[in-house]
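Residue numbers (the numbering used here): 92 to 489. Glycine residues also receive a C-beta, built at the ideal position from the N, C-alpha and C atoms. Quick caveat: nothing in here was measured; it's all calculated off a predicted structure. Shown next, in structure tokens, is the structure this report addresses.
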Ligand code: SF4
């Protein structure tokens, strides 16, 4: 499988892009985690990875979206973004998830990538704004992978994302990325109305036929102003997702990512272990993208993000509460404890709509990726090795 995967990557991407991916993300990513491990031994928590929502603007209106897409769009200023990244690099953090809203709505996204050729960026996008011109510039820059979200067939996509022709516009963007030999992935938040179509070997074969390099499966989180809880997976379906990922990793020459389980199949929460935190479009520092509460901003301490993050008592309290409550997702399993955490730390509601606390209060507890006694260990050695060394609890759950 490794040989097939390597052949496919070499045949469908640009070698310079592959080198940037291997060095800026792969090599520097491993060093970033080694530095993270050494820091936490001293009780100092600065994440090796940051997720940054650079804008709240979006052309879609998805069910389960927590972003203020219906309000006038916010944009993180390029100067603040550059300072954040320069200071994060000083701590060895060179990898950044770029989210929105729809990141390509931010007029300076490509300037941000150009300003940091030594970094690697993963851009979470619906693909609608990826033209030949944009793709050609991305190829020239070489330091970003596109993770394009597909949520179902044409009908389901329009229903889930609140617009028409969503899938065909996305597929056009996907095709443009692949034609320009960009490293390209497809993300899906798996839910009840797309699990039958998108959690199948046939769908992976279709993506491989098109030239897609990796997939990232999330589980649908029923949150935000339009939570649509009837879409959330049952515990049995969450286990089905886990088993599918483990089985397909051995069989299909395509990367299959999840951010929920370690090499033993034990659940984990990236925010609870301090592996990553989230920056909102207004510069708020949140535990993770769907926890829209903050006690600090990236502009605090003259933009010294290391000082602000490592001294943030509320993040320390979050890690303690979340890891103490579950190995899974505290938002899903214990919204009551999360609400207490918000009130105890007097955190700001970071939304424009100012309804995050009411939304949290109305959440009903449900299962998440933590299915104790039903752990499914990794079977394919590259994933087992990678997760064993670079994606596990880091002592948060012991
Ligand atoms: S709190 Fe939930 S959504 Fe946030 S990082 Fe943890 S598992 Fe993911």
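For residue 222, the three-state DSSP class (helix, strand or coil): Position 131 of the chain shown, counted from the start, is the residue given in the question as residue 222. Residue 222: coil per DSSP, three-state reduction.
Taking the beta carbon of residue 139 as the centre, do at least 16 other beta carbons fall within 10 Å, making it buried, or is it exposed? Residue numbering aside, residue 139 sits at position 48 when the chain shown is read from its first letter. With 16 or more other Cβ atoms within 10 Å, it is buried.
Cβ-heavy atom distance between residue 361 and ligand 1 below 6 Å? Along the chain shown, read from residue 1 onward, the residue named residue 361 stands at position 270. Yes - ligand 1 has a heavy atom lying nearer than 6 Å to the Cβ of residue 361.
Neighbour-count burial assignment, residue 189, 16 or more Cβ in a 10 Å radius: Counted from its first residue, the chain shown places residue 189 at position 98. Flag for residue 189 reads buried.
Distance, Cα to Cα, residue 375 vs residue 389? Position 284 of the chain shown, counted from the start, is the residue given in the question as residue 375. Position 298 of the chain shown, counted from the start, is the residue given in the question as residue 389. Going from the Cα of residue 375 to the Cα of residue 389 covers about 6 Å.
In the DSSP assignment, what residue or residues form a beta bridge with residue 240? As a working mapping, residue 240 is identified with position 149 in the chain shown. Answer is 278.
For the beta strand (DSSP E) containing residue 110, name the first residue and the last one. Looking up residue 110 in the chain shown gives position 19. Unbroken run through residue 110 is the alpha helix (DSSP H), 106–111; no beta strand (DSSP E).
Mind checking which residues open and close the alpha helix (DSSP H) that includes residue 120? Here residue 120 refers to the residue found at position 29 when the chain shown is read from its first residue. Looking at the DSSP string, the run of the alpha helix (DSSP H) that includes residue 120 is 119–132.
If you run the structure through DSSP and keep just helix, strand and coil, what is residue 439? Here residue 439 refers to the residue found at position 348 when the chain shown is read from its first residue. Strand.
Can the beta-carbon of residue 363 be found closer than 7 Å to that of residue 410? Your numbering for residue 363 matches position 272 in the chain shown. Your numbering for residue 410 matches position 319 in the chain shown. Result yes, Cβ atoms of residue 363 and residue 410 sit closer than 7 Å.
Taking just the CA atoms, how far does residue 280 sit from residue 356? The residue labelled residue 356 in the question sits at position 265 within the chain shown. The residue labelled residue 280 in the question sits at position 189 within the chain shown. Roughly 19 Å between the two C-alpha positions.
Residues near residue 288 in its chain [Cβ-Cβ closer than 7 Å; skip 5 each side]: Position 197 of the chain shown holds residue 288. The residues are 243, 244 and 294.
Local conformation of residue 471 per DSSP, three classes: Along the chain shown, read from residue 1 onward, the residue named residue 471 stands at position 380. Three-state result, residue 471: coil.
So, are the CB atoms of residue 268 and residue 226 less than 7 Å apart? The sequence position of residue 268 within the chain shown is 177, counting from 1. The sequence position of residue 226 within the chain shown is 135, counting from 1. It is a contact, given that the beta carbons lie within the stated cut-off.
When burial is assigned at 16 or more other CB atoms within 10 Å of the CB, is residue 468 buried or exposed? Locating residue 468 in the chain shown gives position 377, where the first residue counts as 1. Residue 468 comes out exposed.
Exposed or buried, what is residue 194 when buried is set at 16 or more other beta-carbons lying within 10 Å of its beta-carbon? Translated into positions along the chain shown, residue 194 becomes position 103. Per the 10 Å Cβ criterion, buried.
Please classify residue 261 as buried or exposed, where buried requires at least 16 neighbouring CB atoms within 10 angstroms. Along the chain shown, read from residue 1 onward, the residue named residue 261 stands at position 170. With 16 or more other Cβ atoms within 10 Å, it is buried.
At a threshold of 6 Å, does residue 286 count as lining ligand 1 (C-beta to nearest heavy atom)? For the purposes of this step, residue 286 is taken as residue 195 along the chain shown, with counting starting at 1. Checking the Cβ of residue 286 against ligand 1 gives no.
What number of angstroms, rounded off, separates the C-alpha of residue 360 from the C-alpha of residue 330? Mapped onto the chain shown, residue 360 falls at position 269. Mapped onto the chain shown, residue 330 falls at position 239. Residue 360 and residue 330: Cα-Cα distance of roughly 17 Å.
Distance, residue 150 Cα to residue 163 Cα: Position 72 of the chain shown, counted from the first residue, corresponds to residue 163. Position 59 of the chain shown, counted from the first residue, corresponds to residue 150. Cα-Cα distance, rounded: 12 Å.
Examine ligand 1 and report whether any of its heavy atoms sits within less than 6 Å of the Cβ of residue 156. For the purposes of this step, residue 156 is taken as the residue at position 65 of the chain shown. Incorrect: residue 156 has no Cβ contact closer than 6 Å to ligand 1.
Check whether the region 162–180 touches the region 327–341, counting contact only when three or more Cβ pairs, one atom from each stretch, lie closer than 8 Å. no
Does the region 211–220 come close enough to the region 233–243 to have 3 or more Cβ pairs within less than 8 Å? yes
Residue 140, enclosing beta strand (DSSP E) - first and last residue: Start at 1 with the first residue of the chain shown, and residue 140 comes out as number 49. That run of the beta strand (DSSP E) goes 140–144.
Residues bridged to residue 488 (per DSSP): Translated into the one-based positions of the chain shown, residue 488 becomes position 397. Looking at the DSSP output, residue 488 bridges to nothing.
Take residue 342 as the anchor and find which of 316, 259 and 472 has the nearest alpha-carbon. Here residue 342 refers to the residue found at position 251 when the chain shown is read from its first residue. The shortest C-alpha separation from residue 342 is found at 472.
Proximity of residue 257 and residue 277 at Cβ, strictly below 7 Å: Sequence index remark: in the chain shown, residue 257 carries index 166 (1-based). Sequence index remark: in the chain shown, residue 277 carries index 186 (1-based). Result no, Cβ atoms of residue 257 and residue 277 do not sit closer than 7 Å.
Confirm, please, whether the CB-CB distance from residue 381 to residue 300 is below 7 Å. Taking the chain shown and counting its residues from 1, the one referred to as residue 300 is at position 209. Taking the chain shown and counting its residues from 1, the one referred to as residue 381 is at position 290. In this structure, residue 381 does not lie closer than 7 Å to residue 300 by Cβ.
Which class does residue 388 belong to by DSSP, given the choice of helix, strand or coil? Here residue 388 corresponds to residue number 297 of the chain shown, with the count starting at 1. Of the three classes helix, strand and coil, the one that applies to residue 388 here is strand, per DSSP.
Start and end of the alpha helix (DSSP H) containing residue 396? As a first step, residue 396 is located in the chain shown; it is residue number 305 there, counting from the start. Segment 396–401, the alpha helix (DSSP H) holding residue 396.
Nearest CA to the CA of residue 371: which residue from 128, 172, 132 and 405? Here residue 371 refers to the residue found at position 280 of the chain shown. Ranking 128, 172, 132 and 405 by Cα distance to residue 371 puts 172 first.
Once you ignore the five residues that flank residue 368 on each side, which residues in its own chain have a CB closer than 8 Å to its CB? As a first step, residue 368 must be located in the chain shown, where it is residue number 277. Cβ neighbours of residue 368 beyond the five flanking positions: 138, 141, 142, 362, 376, 377, 378, 379, 400 and 406.
Expected contact under 8 Å - CB spacing of residue 108 and residue 273 to nearest Å: Numbered from its first residue, the chain shown carries residue 108 at position 17. Numbered from its first residue, the chain shown carries residue 273 at position 182. Contact flag correct, Cβ pair sits at about 7 Å.
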